[in-house]
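Below you'll find the structure, written out as structure tokens, and then a few comments.
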Amino acid sequence: MNFRELTNTEAMVEALKEEMTRDPSIFIIGEDLVAHGGIFGQFIGLPEAFPGRVIDTPISETCIVGAGLGAALTGMRPFVDLHFADFTTCAMDEIVNQVAKIRYMFGGQAKIPIVIWAPDGAGLSAAAHHSQSLEAWFIHTPGLKVVSPCFPYDVKGLIKTSIRSDDPIIFFMHKKIFSRKGPVPEEEYVIPLGKADIKHPGTDVTIITYSIMVLHALEVAKEMEKEGIRVEVLDLRTLWPMDWEKIAESVTKTHRVIIAHEACLTCGFGAEISARIQEELFDELDAPIFRVGAYRVPIPFSPPLERFVIPGKESLKKTLYNLFGKEIDSK
Amino acid sequence: MTELIDQTLYLKMYEQMLTIRSFEEKAIELFEHNLIRGNIHPCIGQEAVSVGVCSALRKEDYMLNTHRGHGNCIAKGADLKRMMAELLGRSTGYCKGKGGSMHIADFEGGNLGANGIVGGGLPIAVGAGISIQNRGTDQVVACFFGDGAVNQGTFHESLNLAAIWKLPVIFICENNQYALSTPIREAISISKISDRALAYGIPGVTLDGNDVRAVYTQMKGAVERARSGKGPTLLDCLTYRFYGHFTGDPGRGMTYRSKEEMEEWWGRCPIKRFRESLFREGILSEGKEKEIQIRVKTSIEEAVRFALESPFPDPEEAIQDLFY
Amino acid sequence: MKGEGFMEEDTKTWLELYRLMVKIRRFETLTGELFASGKIPGFIHLSIGQEASSVGVCSVLRKDDYITTTHRGHGHVIAKGGDVKRMFAELMGRETGYCKGKGGSMHIADFSIGILGANGVVAGGFPIIVGAGLSIKLRGTDQVAVCFFGDGASNRGPFHEALNMASIWKLPIVFVCENNQFASTTSVHYSTSVKSIAIRGEAYGIPGRSVDGNNVLDVREAALEAVERARKGEGPTLLENRTYRLRGHFEGDPQRYRTKEEVEKFSEKDPIRQFQTFLKNQKILDEKIDQEIWNEIDQELQEAIRFAEESPFPQPQEALKDLYVEEGESLIERRLV
């Protein structure tokens, strides 16, 4: 395969371009898509390449999602951009009561091939209404599938699969790493839903994680090698359906688990994974399962406050030290 | 006697408009030097709406604000030092550094806060109106929002409720013609936002939002209506933002706006127009203008100095102020 | 002769309209009885008194036109051509129901005849119909999409967002408000800041028309005009069918928010009786034909009820199916017990 370096944004644009060329029923809808190609450049070139298929809307989240839903019910494949994950709240009824439930409550008559995409995450001093990580709400909602990749290779492969899927998918990408580069093949490929990926093999502890925390975990893994601890970093990529097989395989190998996400710790996805591991793999564990997540407060604006609230490399490292009963480095 | 009061008021309004513009320009400068993090949404060009509206309010009247709200805060009487400190994320800021530019509140001054969600302030304004009615005071609520918000469901629900209960709320649309990159003419199929008022049986007016006296007059009328229990009004103030949507807007908003349009609106700059009329009427003189300029400059410099010298909040403060 | 031919067309159509209205009335009445005798679980919301609205509008739609309906939607489903056997079965929670028992009264759908489903959320149909209208436009067909909603829904946010979006993109949608004067217990006069919901069309630059929703021919005429406008690409219309809900909001509703006298007064404007009188005056209907119609319909409905009662309940494990198109072990939550 021929690899070249693309950013997360470029990988997304390429995926959308390929899919929209292949399937005329795909269209993109949301706010401010045309003038700048999306506020993070995630649709650059697409309005020109596919006239009439990238649709700007007024600020009407309920109807933006609804427009996608109604179109999906009547033969099209919409890609809905909600601007920021925080604005899913403005369309909660649509997503939770309609998109998630229509197939089931109508007894399987309908399929809803919709992708609802939004940038999420903190670290840019964007304050309370533009920094949230809300994936747990949607994992908790039966009827939805949830995806959150962070490497360009994964972004491209999963965007393609998500568009081709006949089920509704909530697709998050961390806003801080849109311009992070990574190798992406020139050749056609897709990544199936529900498959996690070992980003760094190890034998002493597994960090189960996703989105920006994967990058922090990889840094930590590198540093811990020098101290003789081999960290396995498991990037879930798809949150629901969860790749239980991969998780079980890794836990059986390392016997120690940390689950890390930028979302708030309480009732975060880590709580679910942790409960299941201890239920089914209790005998494999040599230590309790630790979780890393944000403090349970809205994301504050000022940088020192924000840094305190959201987890990063330091919180991961501290947790690792705790797990191995080591002295905590005061730095 | 009336003339003198007017003169004093107009000079105050002029000074406030200058203060807002200088504050925003300074904030942009600080942002470009990385002293303000995140992003800011400057309201340069919209000063007449902020000042015209807030000049008709009392301190105890309430205000709901938007992400583009620095001007409204200042016009409602905010302390520049505490505003600047908030923008710089210091513990002496209005929100102790927790809110930032888009979330400044000053409850003592009736400022119930700015929202990062478009249309987020409208339902809250309804609640404040209900509270006023329940308590039986004659306060009013000024609810600011942009042209983008008029297509939000919250607009509809809020205006309907305010209308059926005759709440003392004045809905002020700062219609700067663009919701980020979406022009208003592509987002609605009627010609004037004020036409939406008839869907709620309330009065609606479209006016020149860059004429501070016109804004003030209309707002005074709407405030009297509200105070006397006659219910809400919708004011559609036509204005323009001379900057981009936010400080990261590529080309300062020129990727979706034309040079001709920008130039046309520069010609209608609210500060320039007001200044010219004040000079014409002999209310402003070179000397007085100089005084005002010096005062404004000093107050902004003081605010910046105060902010820069203020400490950052202690990280542990991040988990305080959640619950009562 | 042209005149006579025209009359025949009308006669046939009118009798069809009447038949459909009677079918809805009898379906709803029997449903009420079945519910009272414990054969239908949950809640039902009958549309008795509103038949002219459903029938008048749906009679000008094609099979491939779309509708979204509400919790009070049995009438819309029948008027659009729904199968009463599958409807009764769904109400009774049987596996032969439209939704295999998963939806119930408030969630009946039949995608084969354009019924995109009934919603339990008030104003839930608006965003979906915007999507259907957008889809029609993007696919370039001449289908039309109709959104039924009540007076209560007209004050909700999605109403606003949908009418605005439909207007700026000139979507082929007809918004039909069935103003039956009450949103559950709340009267429309209390909750709505305009005298007539049709006025709100002006806030979106679209035509708004208010008609006597109990006169099926008036409803039909207004609907036809709106549907033709939409089909020609001229954009959406807001219709208001002024009607009255003769039963409670739900079966079991103590109805303390209105007087018996008021209900009786409005019963006199019963849409079926009105049309029956009209048809009799036109000499299209007489006692004999009328009786035949009611008997035939009752027979059909009784057969449908029998079908439903004889249908099995779904197997319990069926509850875990029909969530996703691509199902699989990993998608089912594990339960150790």
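Protein chains in written order, with this note's numbering: chain C, 1 to 331; chain F, 1001 to 1324; chain D, 2001 to 2337.
Positions of the beta carbon are idealized from the N, C-alpha and C atoms, including for glycine.
Among all the DSSP beta bridges, which residues are the ones paired with residue i?
i                : result
V231 of chain C  : C:V205
K145 of chain C  : C:I169
S2210 of chain D : D:E2240
V337 of chain C  : Chain C is shown from 1 up to 331; residue 337 of chain C falls before or after that span and cannot be answered.
T2069 of chain D : D:A2118
D1106 of chain F : F:N1111
H174 of chain C  : C:D120
Reducing DSSP to helix, strand and coil, say where residue i ends up.
i                : result
G2081 of chain D : coil
V2194 of chain D : coil
F2266 of chain D : helix
C1054 of chain F : helix
S2187 of chain D : strand
I1040 of chain F : coil
N2119 of chain D : coil
H2249 of chain D : coil
G2201 of chain D : helix
E262 of chain C  : strand
A1179 of chain F : strand
T62 of chain C   : helix
G1251 of chain F : helix
P119 of chain C  : strand
C1095 of chain F : coil
R77 of chain C   : strand
C1073 of chain F : helix
R2229 of chain D : helix
V2144 of chain D : coil
I1283 of chain F : coil
D375 of chain C  : Outside the displayed span of chain C (1 to 331) sits residue 375 of chain C, for which this structure offers no information.
C1143 of chain F : strand
L1080 of chain F : helix
For residue i, would you say it is in contact with chain F, using Cβ-to-Cβ distances shorter than 8 Å as the test?
i                : result
L134 of chain C  : no
A49 of chain C   : no
I332 of chain C  : Outside the displayed span of chain C (1 to 331) sits residue 332 of chain C, for which this structure offers no information.
P2314 of chain D : no
E2202 of chain D : yes
S2193 of chain D : yes
G2140 of chain D : no
For chain D, find out if any of its Cβ atoms is closer than 8 Å to the Cβ of residue i; answer yes or no.
i                : result
T74 of chain C   : yes
G68 of chain C   : yes
H1156 of chain F : yes
S330 of chain C  : Only weak support exists for where S330 of chain C lies, its pLDDT of 44 falling under 50; the coordinates are left without a value.
Quick check: the Cα distance between residue i and residue j, rounded to an integer number of angstroms?
i                : j                : result
E1286 of chain F : T1092 of chain F : 36 Å
Q132 of chain C  : K2195 of chain D : 42 Å
I2305 of chain D : H2045 of chain D : 18 Å
G68 of chain C   : Y2204 of chain D : 21 Å
E2318 of chain D : D283 of chain C  : 34 Å
A1222 of chain F : G1229 of chain F : 11 Å
R2160 of chain D : E280 of chain C  : Before going further, note that residue 2160 of chain D is His rather than Arg in the sequence given. Each residue's Cα considered, the two are about 50 Å apart.
G2005 of chain D : K2012 of chain D : Summary for G2005 of chain D: the model assigns pLDDT 44, below 50, so the residue's position carries little reliability, and this model does not support an answer.
R2247 of chain D : S2267 of chain D : 10 Å
N322 of chain C  : A136 of chain C  : 26 Å
L1080 of chain F : L316 of chain C  : 40 Å
E1029 of chain F : G1038 of chain F : 14 Å
Is there a Cβ of chain C sitting closer than 8 Å to that of residue i, yes or no?
i                : result
E2326 of chain D : yes
P2158 of chain D : yes
T1151 of chain F : Note on identity: in this sequence residue 1151 of chain F is Asn, with Thr being the wrong assignment. With 8 Å as the cut-off, N1151 of chain F counts as an interface residue toward chain C.
Just checking residue i against the ligand ATP - is the residue's beta carbon closer than 7 Å to any of the ligand's heavy atoms?
i                : result
G2124 of chain D : Of ligands this structure carries none, so the ligand ATP is not represented either.
- Query: Using 8 Å as the Cβ pair cut-off and three pairs as the minimum, do the segment 308-327 of chain C and the segment 1315-1323 of chain F touch?
  - Reply: yes
Does the contact criterion of 3 or more C-beta pairs under 8 Å hold for the segment 1123-1137 of chain F versus the segment 147-158 of chain C? no
- Message: Count Cβ pairs between the segment 192-209 of chain C and the segment 174-181 of chain C that sit closer than 8 Å; are there 3 or more?
- Response: no
Check whether the segment 1203-1211 of chain F touches the segment 1231-1240 of chain F, taking contact to mean three or more Cβ pairs, one atom from each stretch, closer than 8 Å.
yes
Worksheet item: With a cut-off of 8 Å, do at least 3 Cβ pairs link the segment 2141-2150 of chain D to the segment 2123-2132 of chain D?
Response: yes
### the segment 2103-2118 of chain D contacting the segment 103-120 of chain C, beta-carbon criterion three pairs below 8 Å
yes
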